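Below: the structure, in structure tokens.
There are 2 protein chains.
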Amino acid sequence: MSVEAEIITIGDEILIGQTVDTNSAWMGKHLNDAGVDVDRVVSIRDTKEAIIEALEDVKPKTKLVLMTGGLGPTKDDITKYTLQDYFGGDLVFNQKAYDNVARIFKMFNKEVIEINRLQAMVPSSCKMLLNEMGTAPGMLFERNDVYYVSMPGVPYEMRHLIKTHVLPLIKEKLNAGVVIHRTILTQGVGESFLAEMIKDWQDELHEEISLAYLPSAGMVKMRLTVKGRDEQFLNGLIENAVSELLPQIEKYVYGTEDDTLESVVGKLLKDNNATLASAESCTGGNIARLLTTVPGSSTYFIGSVVAYHNDVKQSMLDVRKEDLIAHGAVSEPIVMQMAKGAKEKFGTDYAVATSGIAGPDGGTEEKPVGTIWIAVSGPNNTITRKFSFGNNRLRNIQKTSFMALNMLREELMA
Amino acid sequence: MSVEAEIITIGDEILIGQTVDTNSAWMGKHLNDAGVDVDRVVSIRDTKEAIIEALEDVKPKTKLVLMTGGLGPTKDDITKYTLQDYFGGDLVFNQKAYDNVARIFKMFNKEVIEINRLQAMVPSSCKMLLNEMGTAPGMLFERNDVYYVSMPGVPYEMRHLIKTHVLPLIKEKLNAGVVIHRTILTQGVGESFLAEMIKDWQDELHEEISLAYLPSAGMVKMRLTVKGRDEQFLNGLIENAVSELLPQIEKYVYGTEDDTLESVVGKLLKDNNATLASAESCTGGNIARLLTTVPGSSTYFIGSVVAYHNDVKQSMLDVRKEDLIAHGAVSEPIVMQMAKGAKEKFGTDYAVATSGIAGPDGGTEEKPVGTIWIAVSGPNNTITRKFSFGNNRLRNIQKTSFMALNMLREELMA
Chain A
133 MSVEAEIITI GDEILIGQTV DTNSAWMGKH LNDAGVDVDR VVSIRDTKEA IIEALEDVKP
193 KTKLVLMTGG LGPTKDDITK YTLQDYFGGD LVFNQKAYDN VARIFKMFNK EVIEINRLQA
253 MVPSSCKMLL NEMGTAPGML FERNDVYYVS MPGVPYEMRH LIKTHVLPLI KEKLNAGVVI
313 HRTILTQGVG ESFLAEMIKD WQDELHEEIS LAYLPSAGMV KMRLTVKGRD EQFLNGLIEN
373 AVSELLPQIE KYVYGTEDDT LESVVGKLLK DNNATLASAE SCTGGNIARL LTTVPGSSTY
433 FIGSVVAYHN DVKQSMLDVR KEDLIAHGAV SEPIVMQMAK GAKEKFGTDY AVATSGIAGP
493 DGGTEEKPVG TIWIAVSGPN NTITRKFSFG NNRLRNIQKT SFMALNMLRE ELMA
Chain B
133 MSVEAEIITI GDEILIGQTV DTNSAWMGKH LNDAGVDVDR VVSIRDTKEA IIEALEDVKP
193 KTKLVLMTGG LGPTKDDITK YTLQDYFGGD LVFNQKAYDN VARIFKMFNK EVIEINRLQA
253 MVPSSCKMLL NEMGTAPGML FERNDVYYVS MPGVPYEMRH LIKTHVLPLI KEKLNAGVVI
313 HRTILTQGVG ESFLAEMIKD WQDELHEEIS LAYLPSAGMV KMRLTVKGRD EQFLNGLIEN
373 AVSELLPQIE KYVYGTEDDT LESVVGKLLK DNNATLASAE SCTGGNIARL LTTVPGSSTY
433 FIGSVVAYHN DVKQSMLDVR KEDLIAHGAV SEPIVMQMAK GAKEKFGTDY AVATSGIAGP
493 DGGTEEKPVG TIWIAVSGPN NTITRKFSFG NNRLRNIQKT SFMALNMLRE ELMA
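So the sequences go chain by chain: A and B.
At position 131 of the first sequence the residue is numbered 263 (this note's numbering), and the sequence of numbers has no breaks.
At position 186 of the second sequence the residue is numbered 318 (this note's numbering), and the sequence of numbers has no breaks.
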């Protein structure tokens, strides 16, 4: 039996689209790792009515309710008073909470004003959870064997309270089991083709293992999950499933767990002691940007020419004018010359080049918007591929970058 | 009376923390703009039981329920079958949905396989909503004057369906009233200083108009909102307020509504009939990428050199070796030479250059991580600025790009 939890985020900012709720995903991940399943996330307004309604909506099987938000010092933060109402008791002064407020104010050389003194008042029905990262204390209520934790919505304060109070509570009071995830990252194959390819494997999959497909631009993540009590047994089960799966989809797998295509390419370059440059037309620098988001990328990434104008392709990458005239910029000869030119000019072992019509305008009958050429040039040879993407400029840039990095990955592994 | 909506996101990925829910904030914003209040966001598992429970939990006053997720072609996507069960009817083949699937597969030169043919099957109880961005159609159900819309969870597919189907539905069927927003984009001034500056104006603001400050990296958005029935009256009200506000903060305003710094810079370049190049070290191509996200940017953006390695700064931008040795790459003389070199090499009117220590490593006592130099070179002069940002690599890249574009904007307006 797994332990079920629910998250309630309080505050209008998510509902009106002012803030993206990153807290819930963070809590979900950390609870999950601790063997607790988040069964539901509910985002509500910061009104007394909405908070009480959400508390009453909590499912019978839920053992842990995590609430964030509505704990600031200003008038519109009403979570504490609502919880006092709901769980009973008086609002009492808490010396430890006050000392913490005073410490924080002293750190910023400020006097504690009345409005902040109020933050040290907590309902007598709760256990105060010391929040060393901020002035609003956390609160733990218990009713009918269900634990309710109220925390500020400020991400680093919430994270601190989860680590110092909630995870220990889960360990001590809730008898949570083990959850193991394995994530496999694939590229260059659609969800449905992937599913078709591994149909037999999936049919034979141990019933304890669940499989999810998470597609996003240009890639599909596959996630295997197993839950239970016997960690060693579960580990064996999932390792076994993964080792049976991988050979079947080997050519599409570019990484596992938290890998990114750019970090995988970076690692391969490092392992091969090789260097890289890029020559980008339609991707406009996005490939260089992705590569340089990786810390330490300066050891293998030398530089890039963004050759947006055709003159630049000639002057900086030695692309031949007669080929530009004969074939146009979006063509195999040009993208090939761009890659070779970049390799030459930057003195690298590898270079990747892109040329295409990102859109929304600029397409022709022969070369519609979304027509993309990619070249990867290595120490021994240069490969090219043509793609036909859609009409969305940003997606075309993104997809082209992913595909280019993947072609490079394949070359590095060849 | 406002129209209330609820969002239900279906899928384990948010609950286990694999995906941050950006969809809900996007929907919240766009519904809000259309006069609809999102009252609650609920994220649930992709099980039949959880979906039905969530549908039954919808509040009585809710008029619109937006569901995302669980519509892929694979076995773990069960939203469609659950909705068919819940709303009744048979699963029927929809020719338009099929044609769309076939069109998309043809675009990628792929055969439609059986599993994708199934995507063209929709419950007879729904109206199929054509999803031109993907193979899973949207579905619209109606029961007791409440509209239920099911959409894929892939952000660009969801956005497409909201724009082409949900917003028109709101306009036609839900009497949502008028909401008018005006957004003013400022940079170079903090939220509290801005508030102080316009205190009198704000005190005199018509009570129907609300004002929100939305700060993010390097900028503050101000949003004025007015709601009601009489569009002409409301328009006059808000226009009046804006025209009184603007002169007071003129020097900080870089745009309005959906402007971005890169689109504003692009417009200024076009208006000035001027061209631009970039020479990027620490930003790794991000400035070029931002500039080229703007459709039509090829008319003024010529190209970029990402000079990640110092040799590239010399060979491609004519930076002097002796200055590199004397001052280091992160210095005023170097960033200045990079900008001038880019302007020269690309033959442009303007060039922007960056050199800095993005981190997490590479800092020294004299030049800690976050030390950034930016130069903008124009037809007549070259200006430079030094910044000291923090330790976060991605934020340093982002902030540097933003500041560089803003310096360029100021030069273009000077």
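Glycine residues also receive a C-beta, built at the ideal position from the N, C-alpha and C atoms.
Keep in mind that this is a model prediction, so the values were computed, not measured.
Buried or exposed for residue i, please, with buried defined as at least 16 other CB atoms from any protein chain shown within 10 angstroms of its CB.
i      : result
B/I176 : buried
A/G201 : buried
A/F433 : buried
B/S520 : exposed
B/S550 : In this structure chain B extends from 133 to 546, so residue 550 of chain B is not present and cannot be described.
A/P269 : buried
B/M545 : exposed
Among all the DSSP beta bridges, which residues are the ones paired with residue i?
i      : result
B/Y482 : B/L408
B/I504 : B/G488 and B/F519
A/D547 : With chain A covering 133 to 546 only, the question about residue 547 of chain A has no answer from this structure.
A/V281 : A/L198 and A/L272
B/P255 : B/L223
A/K212 : Answer is none; A/K212 lacks a bridge partner.
A/K359 : A/V311
B/S509 : B/A483 and B/T514
My understanding is that residue i touches residue j, with C-beta atoms under 8 Å, so please give their C-beta distance in whole angstroms.
i      : j      : result
B/I489 : B/G495 : 5 Å
B/G309 : B/P284 : Actually they do not touch by this definition, with Cβ atoms about 29 Å apart.
A/K195 : A/V278 : 6 Å
A/T548 : A/K353 : This structure cannot speak to residue 548 of chain A, because chain A is shown only from 133 to 546.
B/D178 : B/D144 : 6 Å
B/N248 : B/F240 : No, B/N248 and B/F240 are not in contact; Cβ-Cβ is about 12 Å, not under 8 Å.
A/V358 : A/I381 : 19 Å between Cβ atoms; not a contact.
B/A411 : B/M329 : Incorrect: roughly 36 Å between the Cβ atoms, too far for contact.
A/V444 : A/G473 : Between A/G473 and A/V444 the Cβ distance is about 11 Å, and since that is not below 8 Å, they are no contact.
B/D165 : B/H313 : 6 Å
A/Y386 : A/T480 : Contact flag wrong, Cβ pair sits at about 21 Å.
Any beta carbon from chain B within less than 7 Å of residue i's own beta carbon?
i      : result
A/N418 : yes
A/N523 : no
A/T179 : no
A/S436 : yes
A/H441 : yes
A/F433 : yes
A/D153 : yes
A/A471 : no
A/R361 : no
Once DSSP output is grouped into helix, strand and coil, what is the label at residue i?
i      : result
A/Q150 : coil
A/M239 : helix
B/G202 : coil
B/S463 : coil
B/I316 : strand
A/V244 : coil
B/S156 : helix
A/R192 : Just to set this straight, residue 192 of chain A is Pro in the shown sequence, not Arg. In the structure shown, A/P192 sits in coil (DSSP, three-state: anything other than H, G, I, E or B).
A/M265 : coil
B/L223 : strand
B/S436 : strand
B/A344 : strand
B/T532 : helix
A/T296 : helix
A/K499 : coil
B/V385 : strand
B/I330 : coil
Does any residue of chain A bring its CB to less than 7 Å from the CB of residue i?
i      : result
B/N248 : yes
B/P427 : yes
B/S430 : yes
B/I316 : no
B/S342 : no
B/V444 : yes
B/L393 : no
B/A157 : yes
B/P492 : yes
With respect to 6 Å, is the separation between the Cβ of residue i and the closest non-hydrogen atom of the ligand MG below this value?
i      : result
B/N418 : Absent from the structure shown: the ligand MG. Ligands present: none.
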